Each structure stands twice: as structure tokens, then as C-alpha cells.
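Numbering (our numbering), first residue to last: 8 to 255.
Even glycine gets a Cβ: it sits at the ideal position worked out from N, Cα and C.
Just so it is clear, the structure is predicted and the values come from calculations on it, not from any experiment.
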Amino acid sequence: MIVASERTVFFTGAGISTESGIPDFRSPGGIWDRHPPIEYQDFLASAEMRRETWRRGLETYAVVEAARPNPAHLAIAELEHLSKLDALITQNVDGLHALAGSSTERTIELHGTSHGVRCLDCDRRYPRRDVHLRVLAGELEPSCLFCAGILKPTTISFGEAMPVDAMMRAQAAARGCDLFVVAGSSLVVYPAAGLPETAQRSGARLVVVNATPTHLDAGAALCLEGKAGEILPVVVARVRRLIGAAPR
Ligand code: NAD
Ligand code: ZN
Numbered sequence: 008m009i010v011a012s013e014r015t016v017f018f019t020g021a022g023i024s025t026e027s028g029i030p031d032f033r034s035p036g037g038i039w040d041r042h043p044p045i046e047y048q049d050f051l052a053s054a055e056m057r058r059e060t061w062r063r064g065l066e067t068y069a070v071v072e073a074a075r076p077n078p079a080h081l082a083i084a085e086l087e088h089l090s091k092l093d094a095l096i097t098q099n100v101d102g103l104h105a106l107a108g109s110s111t112e113r114t115i116e117l118h119g120t121s122h123g124v125r126c127l128d129c130d131r132r133y134p135r136r137d138v139h140l141r142v143l144a145g146e147l148e149p150s151c152l153f154c155a156g157i158l159k160p161t162t163i164s165f166g167e168a169m170p171v172d173a174m175m176r177a178q179a180a181a182r183g184c185d186l187f188v189v190a191g192s193s194l195v196v197y198p199a200a201g202l203p204e205t206a207q208r209s210g211a212r213l214v215v216v217n218a219t220p221t222h223l224d225a226g227a228a229l230c231l232e233g234k235a236g237e238i239l240p241v242v243v244a245r246v247r248r249l250i251g252a253a254p255r
């Protein structure tokens, strides 16, 4: 299907990074088993919620910072180098697609990135690591060094507006593709999870690569149940052979 396709779009979720050691949200033992998510309104309204965000961040971001791309990220990056990937839409905030070699031009981060921090008042940006150093030094709720505004990690929280530009690019990619491959997403977080249906309505075939069933499996052209890090390298190796490209 990839070889025959003119425009393939990949759509990834937390499941693409579990094999890199970053837990997903909905599997047993995932992040939400331990911490319910902090919604945007609660973050704005409560200093205690902001402190809790930074406390948790020290723990969760350490895992993200230490993580390396796995064979699933590398396979998707290779597909782009084989000129067989039109766009990569990701719900992940870990930056592992970029580390694997996927280009910023073709990668659309729908839920922001965990590597940055921004001031909600003046929009100044800080590296996450620098702000964490301030928290570790005793600032329980760090604020903007320029305007004293509230700082927040550049991940999109529940209740926060989606980044307009990323969402528009993702919708255009979904509408324009002929093959839409979901990898490692439970497809329950909207509006992101509406993209596969947008693609199908525009005539694209849907493929789902996931460890557990999703509600779109029944209407998919193909479902591959298992680990993305085991399935995608096999798929991409076959694409490489079929189009006659040399192994990287
Ligand atoms: P999710 O946790 O809802 O679902 C993950 C899905 O991946 C599950 O259906 C699970 O069965 C499957 N899965 C787990 N390991 C897999 C593997 N090795 N191979 C194939 N499938 C596997 O994740 P979601 O759909 O991305 O939605 C959760 C939200 O949480 C997203 O919006 C995302 O922004 C955020 N999130 C991001 C990260 C990250 O950046 N790595 C981690 C956790 C959550
Ligand atoms: Zn500021």
C-alpha cells in the first residue's frame, strides 16, 4: 500500500514511544494510573496546581530527556528519506521523531513539545531544563524573568486551545493523502483523533498499527496488532526492497 500510494501520512501517539521507555497514558501502569491530568483552567486558577505541574515535571521530563528513538521512530524517518512520507502528524511531545531524523518540514506536533517553557503573558521562551534547575534550587513556582508572568511547559494541556497552525496543516495533510497510517494511538483524544476519519472521508485508506484494538479498526483497510517497534521496521525494509533503494 505504501509503495502504491502517492501521499502517505503517518499519525503517531504515545504508543510509538513506549519502547523508548516513555509510558503512555492509557495502558496499565501508564502515567494516569498515578497522576490524573492537570487541566489548563486548573493550572491557571491554582498556584498549588502549578507547583504540582513543576513537581511532576521533574519526574516525567527526566524520563523524556533520557529517552532515545526506537526502531519505530527510525523506520518512519527512513520512509521520509525514501520519499514515501508526505507528512508525519504526532500527538507526542517527546521530540523523538526529530531525534530519529524526521524533518521539521514534514513533522506536525499537534500537542506541542515538552522541551520548552513559555511565559503566558509575554510569550518569552525558555529551555525546560533551565526552568527545572530553578525549581530544584527552591523556586516552587518559577515565573518569567522578564515580566514575572506565569510560566508553563509548551505542551498542550486538556482544556487548552490547540495550536491553530499545526491543526490546519494536519487537517490539510489528512484531506490530501491517499493512505493514512495510525501507529501507537488509542484514538480517543480529540480533536487529534478525528484526523483518521477526515482522511477516510476524503477517500484515503486507513491502516492501524497498535498494540490494542481501536474503535476505527472495523473500517480500516488493514490492522496490524502488535508493537510498532517490531512491525514498522519490517514494513519499511519491504518498501525499500520493492522500490529498489539501497539500505541506509
Ligand atoms: P494513549 O496512551 O491514549 O494510547 C497509546 C496506545 O498505544 C494504546 O492504544 C496502546 O495500546 C498502544 N501502544 C502502547 N505501546 C505500543 C507499542 N509498543 N506499539 C504499538 N502500540 C502501542 O496515547 P495517545 O493516543 O497518544 O493519547 C494520549 C495523549 O497523551 C496524547 O495527546 C499525547 O500528547 C500524550 N502523551 C504523549 C507522550 C509522549 O510524548 N511520548 C506520552 C504519553 C502521553
Ligand atoms: Zn514574560
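Query: Return the Cβ separation of Gly156 and Cys126 in integer angstroms, given the expectation that the two are a contact with Cβ distance under 8 Å.; Result: 4 Å
Query: Over the uninterrupted alpha helix (DSSP H) stretch that includes Pro78, give me the two end residues.; Result: Pro78 to His88
Query: Report the CB separation of Ile23 from Ala107 in whole angstroms; it is logged as a contact under 8 Å.; Result: That pair is no contact at about 10 Å.
Query: Rounding to the nearest angstrom, what Cα-Cα distance links Glu232 and Gly123 in this structure?; Result: 34 Å
Query: How long is the line joining the alpha carbons of Glu116 and Val196, rounded to whole angstroms?; Result: 14 Å
Query: What separation, rounded to the nearest whole angstrom, lies between the Cα atoms of His139 and Ser150?; Result: 12 Å
Query: With a CB to CB cut of under 7 Å and the five nearest residues on each side skipped, what residues in its chain are close to Ala11?; Result: none
Query: Residues around ligand 2, please: the ones whose beta-carbon is closer than 6 Å to some heavy atom of it, in chain order.; Result: Cys126, Asp128, Cys129, Arg131, Cys151, Phe153, Cys154 and Gly156
Query: Which same chain residues end up closer than 8 Å to Pro134 when comparing Cβ atoms and leaving out the 5 residues on each side of it in sequence?; Result: His122, Gly123 and Val124
Query: When the Cα atoms are used, what is the spatial distance from Gly166 to Pro203?; Result: 22 Å
Query: Please classify Ser242 as buried or exposed, where buried requires at least 16 neighbouring CB atoms within 10 angstroms.; Result: The identity of residue 242 in the sequence shown is Val, whereas the question assumes Ser. By the 10 Å Cβ count, Val242 comes out buried.
Query: Note down, in chain order, each residue of its chain lying with its Cβ closer than 7 Å to the Cβ of Val71, except the 5 sequence neighbours on either side.; Result: Ile29, Asp101 and Ser121
Query: Is Phe18 near ligand 1, in the sense that its beta carbon is under 6 Å from a heavy atom of that ligand?; Result: no
Query: Whether or not the stretch 55 to 74 and the stretch 210 to 224 are in contact is what I'm after, with contact meaning three or more pairs of Cβ atoms, one per stretch, closer than 8 Å; do they touch?; Result: no
Query: Helix, strand or coil for Ser27? Go by DSSP, reduced to three states.; Result: helix
Query: Report the residue from Ala244, Asp93 and Ala227 whose alpha carbon sits nearest the alpha carbon of Gln178.; Result: Asp93
Query: If contacts are defined as beta-carbon pairs under 8 Å, then Thr162 and Gly201 qualify, I think. What distance do you get, rounded to the angstrom?; Result: Actually they do not touch by this definition, with Cβ atoms about 20 Å apart.
Query: Could you tell me the boundaries of the beta strand (DSSP E) in which Glu116 lies?; Result: Thr114 to Glu116
Query: From what residue to what residue does the beta strand (DSSP E) around Phe17 run?; Result: Thr15 to Thr19
Query: Please determine, among Leu143, Phe153, Ala144 and Leu147, the residue with the shortest C-alpha to C-alpha distance to Arg5.; Result: This structure gives no information on residue 5, because the portion of the chain shown stretches from 8 to 255.
Query: Who are Gly119's beta bridge partners in DSSP?; Result: Thr162
Query: Under a three-way DSSP split, which group does Ala211 fall into?; Result: coil
Query: Would you give the residue range spanned by the beta strand (DSSP E) that Tyr197 belongs to?; Result: Run containing Tyr197: none; DSSP gives neither H nor E here.
Query: Do Leu249 and Ala82 come within 7 Å of each other at the CB atom, strictly closer than that value?; Result: no
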